[in-house]
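Notes follow the structure.
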Amino acid sequence: MDRLEELRLFVAAVEAGSLAAAGRRLGHSPPAMTRMLAGLEERLGVRLLDRSTRHLAPTEAGRRLTEQARRLLADYAEAMAEAAGEGTAPRGRLRVAAPLVFGRLHVAPVVTAFLAAQPAVTAELLLSDQNADLLEEGVDVAVRIGQLGESGLVARRVGQVRRWLAASPAYLAARGTPQTPEDLVGHDTVVFHGRAFPPDWRFAAPDGQEATVRVTPRFAVNEARAAVAAAVAGHGILRALSYQMADELASGALVRLLPAWETPPLPVQLVFPSARLLPPRVRAFLDFAAPRFAALAVLRG
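In terms of this note's numbering, the sequence shown opens at residue 471 and continues consecutively.
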């Protein structure tokens, strides 16, 4: 059996919840569908479907294969349509990943504007402060903040952000304004801890040296906006990325601290896999999104 057809049958079986139902829809007998699945599982060396007499469901390996197969089949159909002269307009499903706050505030509007301009494209936006594995999770484009640790990715830089220190005017009036990183030891701190905890706050001294302060947070939370709200309410000094508290700094709800001690800016990049040619929908999204992100004031560092 043709390998592409094999994947098409497998995806159809997962979607139908039944080998027999998928076979009827695509014109294959139940024995042929059973042989297809057995051959695929034997070749891969993993069980792909958990089967009962009435229903089947994909295993974890089966779910991963289903996602990748859907993307492969969509890319194949798009490539054939383009080669046959049926047009090069972007079409198909686009998956974009982004950090939670930045994605909600800035990526979602760009994605929906792209959809308005490209009626043949659908999109899924995945918001998380944990970096998605682009190949594992079938992500076409991700917004990454900071230096890239992964190899095999192509990056298009669209701006930069900084780590800023801030507190509310009421807190500073009651507790005093720190003048050096060492002064933080006597202050309450609010920590958006993400994956790193307990936190070390690193600073770049005006003379080029580095300073590190280990803080014991009065309040720690794993969601950036909750940390910003706590700082606005006067519960301590916050360190977060500049875009996460840009509105509060602009309104005066927070006051920026120790600007002379800030570490170098972090790059903001659009990243995508380099292992395959970019489908038109991905290339079109990159060309659409990059200048819009580059124009954002919060990405000027």
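Positions of the beta carbon are idealized from the N, C-alpha and C atoms, including for glycine.
| Looking at Leu526 and Ser499, is the spacing between their C-beta atoms short of 8 Å? | no
| query | Of the choices Leu740, Leu769, Leu766 and Pro501, whose alpha-carbon is the least far from that of Val624? | reply | Leu740
| said: Under 7 Å: does the beta carbon of Leu526 sit that close to some heavy atom of the ligand HEM? | reply: Annotation note on the ligand HEM: not contained in the displayed structure, which lists no ligands.
| task | Let me know if Tyr546 comes out buried or exposed under the rule of 16 or more other beta-carbons within 10 Å of its beta-carbon. | result | exposed
| task | Return yes when the Cβ of Val768 is within less than 8 Å of the Cβ of Val571, no when it is not. | result | no
| Status (buried if at least 16 other CB within 10 Å, exposed otherwise) for Ala539 | buried
| query | What are the boundary residues of the alpha helix (DSSP H) that includes Phe680? | reply | Per the sequence shown, the amino acid found at residue 680 is Glu instead of Phe. First-last for Glu680: Glu680 to Arg684, but that is the beta strand (DSSP E), not the alpha helix (DSSP H).
| Relative to the C-alpha of Trp634, which residue among Glu680, Val691 and Leu708 is closest? | Leu708
| task | Determine the direct distance from the alpha carbon of Arg574 to that of Val702, and round the result to whole angstroms. | result | 20 Å
| request: Evaluate Gln588 with the Cβ neighbour count: other Cβ atoms within 10 Å of its Cβ, from every protein chain shown; 16 or more gives buried, anything less gives exposed. | output: buried
| With 16 as the cutoff for other CB atoms within 10 Å, does Leu477 come out buried or exposed? | buried
| Cβ pair Thr536, Arg563 closer than 8 Å | no
| Helix, strand or coil at Gly493 [DSSP, three-state] | helix
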